[in-house]
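Sequential numbering from 14 applies to the sequence shown in the working numbering.
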Amino acid sequence: MKHASKILVGVLSLATLGQVLQATPILADTWTGNGTSGTWGDGDGKTQVSTTISSSYTVTIPASLTLPQSNTYTDESNNVNVVQGAHIPANETIHVNLSGGQTFAATHTSDTVAFKVKLADDTKLSSTTEAYEVLSATASQAHDTGAATDVNVGFDADPDYKFAGIYTGHIQFDVSSQHPVSPVVKNEDGTLQFANHRWRIIVDGDTDANQAGNTRAGDYLAIREDELTNAELGLAGDPTAIGQTAFNNDAYYFSATGVNGYTGSIVKAKIDAYAQTLINTPSLTAGILPVSLNDMSYDDFATDADRIGFSGSGYNAWTAEFAPKDTRGVTTLGGIKQAFALSYGDIHTSVGDWAEASMNQNLCFLEDEPYWLRSPGEKDNFATYENVNFYNRNAFLSDTMAIRPAFWLTTN
């Protein structure tokens, strides 16, 4: 039987103007359990707290500018400002542009005199065919410091005014808050188009709940459909041919210092060089998500002995009979923008178990060369690769294979 009890609760009531704010006690009924425990929040004792900040920003533009009467430009500061304290979404930028389709001129009666707009970088414009950016500010910049630039008017030569009186003209500005457009497009066949290549989706954020922490539609773990070429790898030979490279020049996958074999590998260096060009390209980088590779040291690898059939006495003397079934070393969202070779963990936590992954056509490219994965193989001097139709394979570090880079990409 449960027992009812009365609890005295203080409730604040807001008095009308001129009255005293006071605490008014009221009685509330509650139940106290007999030794039973309750739940609250999300069931783990945590109460979610949130607030929504509306988008707001202020841009100030001079209401008027005075044209000088000689071959000069206004020398006072005529600032266009993004005022400090703005709140816009984190991935957006405030843009202030001179509108397109303008010809700058001042008129009095029937006389028109052309003038120029001079910007902070000393650019002088007599007209604008398309929108011309005057100022921009990222979300952080707009909030923390604001941004400002000078816009002045004037002449390169003495103007020829016909009449006395006031000559007037106008300058039109456009102001907007914009987010970058993703260069990643999802094709009708379920592949992605990015950087002039097709990419096969391994994890589809539109449908998959997965171990990488991705729950957002439009985010994808994807691997390039064609291998990196000799030209892309910096190798000799036919520049358009598939490049072949060793995994590493070391004797063992792991090193004595515990560094993962992929970290200092030739494969990673080649992928990094390829990826950096894309990351540094403004029109492409918005489509690339930052990630962490979470690669294991020898000590980490050896801790799961039973599951991967591990036995050994050190980084240079071990075997792991079931290494291809390892589910660790998963690439997770958050970190730095980078490309990477897929790991066993990436495959098992997204595509499925060993048997399923072995026949997955987004991993097994029947028409092309085997390519390197980044996980350790079944012996201290082996790395792993994806074969034509089966990926439980070991290769010596000095063997040569193709490279297929993977990215976490987004259409958002």
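In this text, a Cβ means the ideal position worked out from N, Cα and C, and glycines have one as well.
Alpha-carbon spacing of residue i relative to residue j, whole angstroms
i	j	result
E391	F420	26 Å
D217	A408	30 Å
I107	H183	23 Å
T258	D308	21 Å
G358	A144	48 Å
A333	D239	31 Å
T362	Y233	14 Å
V72	A230	33 Å
A160	V95	5 Å
S63	W385	44 Å
P38	V109	Only weak support exists for where P38 lies, its pLDDT of 42 falling under 50; the coordinates are left without a value.
T276	T397	15 Å
S278	A318	25 Å
T253	A352	21 Å
D163	T151	19 Å
A244	D412	20 Å
T120	V126	6 Å
G274	W331	14 Å
L78	F186	14 Å
T290	S190	28 Å
Outcome for residue i when other beta-carbon atoms lying within 10 angstroms are tallied against a minimum of 16
i	result
G271	exposed
P418	buried
N84	exposed
R387	buried
N261	buried
G344	Just to set this straight, residue 344 is Thr in the shown sequence, not Gly. Label assigned to T344: buried.
R320	exposed
D157	exposed
K283	buried
P337	buried
A76	exposed
D339	buried
K175	exposed
K146	The sequence as given places Glu at residue 146; Lys does not occur at that position. When all chains shown are included, E146 counts as exposed.
K131	buried
P389	buried
E170	Looking at the sequence provided, one finds Ala at residue 170 rather than Glu. Exposed, since its Cβ has fewer than 16 Cβ neighbours within 10 Å.
A315	buried
Whole-number beta carbon distance between residue j and residue i, since they are thought to touch under 8 Å
i	j	result
W212	A235	4 Å
T423	V280	The pair is not a contact, with the Cβ atoms about 25 Å apart (cut-off 8 Å).
N394	Y311	So it is not a contact: roughly 13 Å between Cβ atoms.
V93	I66	At roughly 25 Å, the Cβ-Cβ gap does not stay under 8 Å, so V93 and I66 are not in contact.
A415	P383	7 Å
A299	S195	6 Å
N209	N91	Actually they do not touch by this definition, with Cβ atoms about 44 Å apart.
P81	G178	With a Cβ gap of about 16 Å, P81 and G178 do not count as contacting.
Go through the segment 137–220 residue by residue and report every complete run of the alpha helix (DSSP H) that reaches 4 residues or more, in order. 152–157
For the segment 94–101 against the segment 124–138, do three or more pairs of beta-carbon atoms, one drawn from each stretch, fall closer than 8 Å, so that the two count as touching? Contact fails: fewer than three Cβ-Cβ distances are below 8 Å.
Is the segment 343–361 touching the segment 295–303, taking contact as three or more C-beta pairs under 8 Å? yes
Any chance you could list the alpha helix (DSSP H) runs of at least 4 consecutive residues sitting entirely within the segment 73–147, in chain order? none
Runs of beta strand (DSSP E) wholly within the segment 316–372 (minimum 3 residues, chain order): Runs of the beta strand (DSSP E) inside the segment 316–372: 323–327, 330–333.
Are there three or more Cβ pairs, one per stretch, closer than 8 Å when the segment 107–127 is compared with the segment 200–211? no
Beta strand (DSSP E) runs contained entirely in the segment 262–318, provided each spans 3 or more residues: If you keep only unbroken beta strand (DSSP E) runs of at least 3 residues inside the segment 262–318, you get 303–305.
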